[in-house]
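Protein chains in written order, with the numbering used here: chain E, 7 to 139; chain L, 23 to 228.
Encoded as C-alpha cells, the structure appears first; notes follow it.
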Amino acid sequence: MKRIFYMPDGTVSVMAMARPIKDGEDVASIFDHDMGKFDDLKALPFDDVEDDSVPKRDENRDKWRYRDIAGKKELFIDNTIRLKREIIKDADDALDAELAKSNPDPVKVIKLQRDRENAIKLPPKYHERKEKV
Amino acid sequence: MASVAVTYDFSANTTAASAEVDQNFTDLVNYINNRNDGSATWDSLKATSATATVLTINNSTGTNSIAVFQDNGSAVVTIPDAGGITFAGTTPATPVANTLYKQNVVKAFGAFDGTGTPGYGTNGSFNMDSTITDNGTGDYSVSINTNFGSAVYASIISAAYTGTATITSIGTSGTKAAGSMRMYVFDSAGTALDSTEVNFILIGAQ
Numbered sequence: 007m008k009r010i011f012y013m014p015d016g017t018v019s020v021m022a023m024a025r026p027i028k029d030g031e032d033v034a035s036i037f038d039h040d041m042g043k044f045d046d047l048k049a050l051p052f053d054d055v056e057d058d059s060v061p062k063r064d065e066n067r068d069k070w071r072y073r074d075i076a077g078k079k080e081l082f083i084d085n086t087i088r089l090k091r092e093i094i095k096d097a098d099d100a101l102d103a104e105l106a107k108s109n110p111d112p113v114k115v116i117k118l119q120r121d122r123e124n125a126i127k128l129p130p131k132y133h134e135r136k137e138k139v
Numbered sequence: 023m024a025s026v027a028v029t030y031d032f033s034a035n036t037t038a039a040s041a042e043v044d045q046n047f048t049d050l051v052n053y054i055n056n057r058n059d060g061s062a063t064w065d066s067l068k069a070t071s072a073t074a075t076v077l078t079i080n081n082s083t084g085t086n087s088i089a090v091f092q093d094n095g096s097a098v099v100t101i102p103d104a105g106g107i108t109f110a111g112t113t114p115a116t117p118v119a120n121t122l123y124k125q126n127v128v129k130a131f132g133a134f135d136g137t138g139t140p141g142y143g144t145n146g147s148f149n150m151d152s153t154i155t156d157n158g159t160g161d162y163s164v165s166i167n168t169n170f171g172s173a174v175y176a177s178i179i180s181a182a183y184t185g186t187a188t189i190t191s192i193g194t195s196g197t198k199a200a201g202s203m204r205m206y207v208f209d210s211a212g213t214a215l216d217s218t219e220v221n222f223i224l225i226g227a228q
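Spelled out as C-alpha cells, the structure:
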C-alpha cells in the first residue's frame, strides 16, 4: 500500500514503507504517524492505494499529476509536460544536428549554444507545457 | 549508621575455626549489605584483577537501569536496561578533546536507493521512521523516530550514481523540522536526479 498526497500544484508525493511490513502491522496507522512529522503533508488530501495502481517510477516521475474524475482523484502521467532534462536534450540535439551539417551556420550554432546554456540555468524542477514550445 | 567492629583479622592463608569464621564472615557480609542498601554511600570503590573481568554489574531480570553515574547527585551517564549509554549533563563551552557528549553522538542515519520505491533495507537506518516519501525525481522526505529538540541540527548528506551523470548538489530543502527532513539530489546540469545511493547522518540536540 502507498499513500498518495495531492499537492496544490497538481503534483503528488508518494509515501511508502521503507522496510518490510511485519505480521499484524497496520500500514495506514504507520502512514498516519509518519505524515504527522511533515508540516507540508499533514494538511493535504490523500488516498491510500495499492502498489500496482501507482505508475512505474522512472524518468517520467516528475510528470505524475492527478485529476478529479467524478469526485475521485486519479493519478496519471501528463505527457504534455516537458521537463528541464528534455529541454536540455532538445537543445543538445538541435546543436548536434547543426554541427553535423557540412557547412554549419556559425550564428545559428552560437544561438543554439546559448539556448542550451539558458536551459541549464533553469530551476531543477522547471517544466513547461509542450504546446508552448 | 553506627560503625561495626569486624573483630577478626583476615589475612592471606588465614586459618581459623569454622565457627569463628562463620560468625565473622557473617558480620562482614552484614556490614557490606548495610553499607550498600541504597541509602548509605561508599567513599570510593576500586576493584583490581589481572585475571578476571574487573567489574560486572548485573541487574538480572530487573528492568531498572543497569548503572547510573552521577555528578553532584545528577545523572550524567546512564546505562539503561537492555543496554546502550545515555549521556546527560552539561557540555562545557570548550569541549574536552576526544570526549563524547550528548550533542556529538550520531542521532540518526539512513541509506537508501533513490530509484524505484526507496527503502532502507537491512541495517540501512537508525532512529528513522518506517516510511520514505517520494516527492519527485531526486526529491525525498524522511522522518525521524525520536525527534530532535528543534529544527536546528546538522545533516550530512551524500549520494552516488551509477549512470553517466555527475552529482553536483545534494542538500536539504530548507524545510527541515525537528522530526523530518526533505532532501534533493541534482546533477551537473542542475537537473533533479534519482540517485542509486542516498546516505545521510544527523547530529544535534534531542
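Backbone N, C-alpha and C define an ideal beta-carbon position, used for all residues, glycine too.
No experiment lies behind these values; they were computed from the predicted model shown.
For chain L, the residues of the segment 113–126 of chain E that bring a beta carbon within less than 7 Å of one of its beta carbons are 126, in chain order. Residue contact with chain E for residue 199 (chain L): present (Cβ-Cβ distance below 8 Å to some residue of chain E).
Taking a Cβ-Cβ cut-off of 8 Å, the neighbours of residue 37 (chain E) in chain L comprise 153, given in sequence order.
C-alpha of residue 11 (chain E) to C-alpha of residue 108 (chain L): approximately 38 Å in a straight line. Rounded to whole angstroms, residue 67 (chain E) and residue 54 (chain E) show a C-alpha spacing of 19 Å.
Taking 9 Å as the cut-off between beta carbons, the residues of the segment 44–55 of chain E near chain L are 44, 45, 46, 47, in sequence order.
In the DSSP assignment, residue 133 (chain E) is bridged to E:89. Runs of the beta strand (DSSP E) lying entirely within the segment 90–175 of chain L and spanning at least 3 residues, in chain order: 96–101, 128–134, 150–158, 161–166. Sequence-distant Cβ neighbours of residue 191 (chain L) in its own chain, meaning closer than 6 Å and more than five residues away, are 208. Spatial neighbours of residue 39 (chain E) in its own chain (CB-CB distance under 6 Å, excluding positions within 5 residues in sequence) are not present. For residue 203 (chain L), the three-state secondary structure derived from DSSP is strand. Distance from the CA of residue 105 (chain E) to the CA of residue 124 (chain E), rounded to the nearest whole angstrom, comes to 19 Å. Counting along the chain, residue 124 (chain E) sits inside the alpha helix (DSSP H) bounded by residues 112–126.
Non-local beta-carbon contacts of residue 205 (chain L) in its own chain, meaning distances under 6 Å to residues more than five positions away in sequence, involve 162, 179, 194 in chain order. It is roughly 29 Å from the alpha-carbon of residue 133 (chain E) to the alpha-carbon of residue 7 (chain E). For residue 79 (chain L), there is no enclosing alpha helix (DSSP H), since its DSSP letter is neither H nor E. Judged by their CB atoms, residue 97 (chain E) and residue 121 (chain E) are nearer to each other than the 8 Å cut-off.
For residue 177 (chain L) against residue 150 (chain L), the beta-carbon gap comes to about 13 Å, at or over 8 Å, which does not count as contact.
Put simply, of L:211, L:101, L:118, L:197 the residue whose alpha carbon is nearest the alpha carbon of residue 85 (chain L) is L:101. Here residue 165 (chain L) really is in contact with residue 43 (chain E); their C-beta atoms are around 4 Å apart, less than 8 Å. Using a Cβ-Cβ cut-off of 7 Å, residue 157 (chain L) is close to 19 of chain E, given in chain order. Taking C-beta atoms under 8 Å as the contact rule, residue 200 (chain L) and residue 170 (chain L) qualify, at a distance of about 5 Å.
Of all residues in the segment 79–110 of chain E, only 89, 90, 91, 94 come within less than 9 Å of chain L when Cβ atoms are compared, listed by chain position.
The Cβ atoms of residue 138 (chain L) and residue 63 (chain E) sit closer than 8 Å to each other.
For residue 33 (chain E), the enclosing alpha helix (DSSP H) has its first and last residue at 33–41.
At a cut-off of 8 Å between beta carbons, residue 131 (chain E) contacts chain L. For a Cβ distance threshold of 9 Å, residue set 139, 141, 152, 153, 154 of chain L lies close to residue 23 (chain E), ordered along the chain. Counting along the chain, the unbroken beta strand (DSSP E) around residue 224 (chain L) starts and ends at 219–225.
Chain L places a beta carbon closer than 8 Å to that of residue 67 (chain E), counting this residue as a contact. Separation of the CB atoms of residue 155 (chain L) and residue 13 (chain E) is rounded to 12 Å, and the pair is thereby denied contact status at 8 Å.
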